[in-house]
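Just below is one structure, and these are the notes that go with it.
Residue numbers (the numbering used here): 1 to 316.
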């Protein structure tokens, strides 16, 4: 800033109109961010605001409109002020002459506002942009993790089921193959026996048929038991995987419920602050009304006393 430039000063009402924030809220912000938001005062004790304070108030309003908590706003302001304090000290620290930029004049209603935003405003906007991008990236990562988790669970379940079915089919195929080999061996043995015992009686042939039937029944029962046991194992594995999936979904629902409760708590806190500000404003209005009523009553009593005195002076 050059030596012939001066700092504009605004009253709290002017700032309230420019940033569209009630004066009570501005005073509350001054209390909430004590040590960070320094509001200068005149010799008479009245507040006045420069473009820098008004820019910080605008940034605070934007962050409050985005439902950012006061603790987070305080952290961002601390980082912002720590970031700009070093360049400022290097720029103005070596000067031994008094600065002429401290001259303050009253704000003119129709005076044009500065065209270029302050560096602090630009840095605060950059910080807000970074915070918004970080929030969006975090939401996308959470969605991606949940989606990938579901996909991996489904793929694992399909793999386990396919492996179980493959093992079952292979076991049954091997059992059938062994049974066929055994049956072929038995048939070959019977054919040889029939060829050798073609002269045996009908009773001997019946006995051989009974042996064949019994062997077939044993083979069928063995295959049935193996198939039943394999199916039971597959069902148990499927139930276990479904139980794991249900637990994962419930945990995700709990996380979503917890986030919803956090957002609800922040909204309720904001409503409480607004109600507190409204109550303070109402109490201030009532106090002013009572003071005005007292003043009117005192004026009426004084007027009545003066009239009474003049009435006696007429007869004296």
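The beta-carbon is built from N, C-alpha and C at its ideal position, and this holds for glycine as well.
Beta-bridge annotation (DSSP): residue 41 is paired with 47. When DSSP states are grouped into helix, strand and coil, residue 75 belongs to the helix group. Here DSSP, grouped into helix, strand and coil, assigns residue 68 to coil. Around the beta carbon of residue 299, a 10 Å sphere encloses fewer than 16 other beta carbons of the protein chains shown; the residue is thus reported as exposed. Per DSSP, residue 25 is one residue of the alpha helix (DSSP H) stretching across 23-32.
A residue is called buried when at least 16 other Cβ atoms come within 10 angstroms of its Cβ; residue 139 does not meet this threshold and is exposed. For residue 128, the three-state secondary structure derived from DSSP is helix.
For the options 51, 24, 14, the alpha carbon positioned closest to that of residue 8 is the one of 51. Around the beta-carbon of residue 295, fewer than 16 other beta-carbon atoms lie within 10 Å, marking it exposed. Inclusion of residue 144 and residue 230 in the CB contact set at 8 Å is not warranted, their separation being larger than that value. With distances taken between CA atoms, residue 62 lies nearest to 131 out of 131, 42, 181, 275. When C-alpha distances from residue 23 are compared across 35, 36, 54, 42, the shortest belongs to 54. Taking the Cβ atoms as the reference, residue 57 lies roughly 10 Å from residue 12, outside the contact range of under 8 Å. Take the alpha-carbon of residue 157 and the one of residue 148: they are about 14 Å apart. Burial check for residue 26: the Cβ neighbour count within 10 Å reaches 16 or more, so the residue is buried. At a Cβ-Cβ threshold of 8 Å, residue 68 and residue 29 do not count as neighbours. Just measuring C-alpha positions, the residue of 178, 66, 74 sitting nearest residue 135 is 66. The way I'd put it, the region 211-221 does touch the region 180-197; three or more beta-carbon pairs between them come closer than 8 Å. The beta carbon of residue 33 is closer than 7 Å to those of 74, 77 in its chain, skipping five residues each way along the sequence. Residues 22, 23, 26 of the same chain have their beta carbon placed closer than 8 Å to that of residue 16, with the five preceding and five following residues left out of the count.
With 16 or more other Cβ atoms from the protein chains shown falling within 10 Å of its own Cβ, residue 48 counts as buried. The alpha-carbon of residue 247 is positioned some 50 Å away from that of residue 280. Contact between residue 175 and residue 223 holds: their C-beta atoms lie close to 6 Å from each other, under 8 Å. Taking residue 126 as the centre and dropping the five residues before and after it, the same chain places no C-beta closer than 8 Å to its C-beta.
Residue state for residue 180 is assigned as helix, using DSSP reduced to three classes. The C-alpha of residue 305 is placed about 52 Å away from the C-alpha of residue 37. Residue 20 sits in coil when the DSSP states are folded into three classes, being neither helix nor strand.
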